[in-house]
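What follows is a single structure, written as structure tokens, with notes after it.
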Amino acid sequence: MEEFSEQELMKDPFMRRFLADEENYRLFKNYQQMPTEETAVSLNNKFQEELKKVRAISYLSKSIHYWAVDFDKKQRKYSERFTATLDQPLDNDGDYTHKDNLQSNKEISYKPATSIEDVIQNPSLMKVVSTLTLRQKNILFSLFVLGLTENEIAEKKGVSQQVISKSKQKALKKLRGELNGGNDLCRNSG
1 MEEFSEQELM KDPFMRRFLA DEENYRLFKN YQQMPTEETA VSLNNKFQEE
51 LKKVRAISYL SKSIHYWAVD FDKKQRKYSE RFTATLDQPL DNDGDYTHKD
101 NLQSNKEISY KPATSIEDVI QNPSLMKVVS TLTLRQKNIL FSLFVLGLTE
151 NEIAEKKGVS QQVISKSKQK ALKKLRGELN GGNDLCRNSG
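In structure tokens, the structure reads:
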């Protein structure tokens with residue numbers, strides 16, 4: 001084994017890291033004090049272990065780097081081949097895309113329903129619903145449009161669930177009677 005002074009060894013970053021470990025430093029000092037075959041072999045074995053670790057880390061680091069570069073190339077190639085339909089150019093110059101022809105969502109307005117009349121589209125049904133009381137309309141709206149249960153409606157209105165149920169049944173009976181069992185509704189909905 002070649003003789004190196006500690007100062008020369010400390011110039012090398014790998015050796016600095018190797019000797020920073022207490023056990024490695026102790027083996028190095030033992031070898032300097034007693035340069036026997038046994039101390040040389042134990043120091044060399046430790047050095048080879050550390051060298052294998054560094055090489056493995058270096059290999060993994062480079063592999064990860066090249067894998068990432070390769071992955072990026074594949075992604076770029078894929079996105080160039082299969083561009084989103086909206087991004088495809090409409091002309092040869094590539095100045096206009098399908099996105100340019102889309103209207104803004106800001107122009108579309110939505111008014112949420114506030115009563116049962118807001119959601120009914122059938123004229124016959126609308127006519128019959130207009131004969132219901134305001135309370136019956138509100139109960140049907142809460143049940144069928146808002147999706148509330150009879151118990152939830154009763155709690156909101158401060159009445160019992162039975163009152164809501166009776167009012168609902170009365171309203172539905174009136175609707176069925178006026179629409180002749182649904183025949184008139186079926187004829188006008190198509």
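Counting along the sequence shown from 1, when you hit position 122 you're at 122 in full-length UniProt numbering, and nothing is skipped either side. Yeah, the Cβ is synthetic: ideal placement off N, Cα and C, and Gly gets one too. Since this is a predicted model, take the numbers as computed values, not measurements.
Q: With a 10 Å radius around its C-beta and 16 neighbouring C-beta atoms as the bar for buried, classify tyrosine 31 as buried or exposed.
A: buried
Q) Is the segment 159-173 touching the segment 120-128, taking contact as three or more C-beta pairs under 8 Å? A) no
(Q) Here's a check: name, in chain order, each residue in its chain whose Cβ is nearer than 7 Å to the Cβ of leucine 43, leaving out the five neighbours to either side. (A) Leu27, Phe28 and Tyr31
Q. Can you tell me whether DSSP reads isoleucine 120 as helix, strand or coil?
A. coil
Q. By Cβ distance, which residues of its chain are closer than 7 Å to isoleucine 120, with the 5 residues on each side in sequence left out?
A. Met126 and Val129
**Q.** Segment limits, alpha helix (DSSP H) that includes phenylalanine 14
**A.** 13-20
Q) Are there 16 or more other CB atoms within 10 angstroms of the CB of isoleucine 64, so buried, or fewer, so exposed? A) exposed
Q. With 16 other CB atoms within 10 Å as the buried threshold, where does serine 189 fall?
A. At serine 189 the pLDDT is 43, less than 50, meaning the model places this residue with poor confidence; the figure from the coordinates comes in the next sentence. Classification for serine 189: exposed.
Q | Euclidean distance between Cα positions of glutamine 7 and arginine 17 | A | 14 Å
Q: Enumerate, from N- to C-terminal direction, the unbroken alpha helix (DSSP H) stretches of 4 or more residues contained entirely within the segment 134-179.
A: 134-140, 150-157 and 161-178
**Q.** Reduced DSSP category for residue 202 - H, G, I as helix; E, B as strand; rest coil
**A.** Outside the modelled stretch of the chain, which goes from 1 to 190, sits residue 202, for which no answer is possible.
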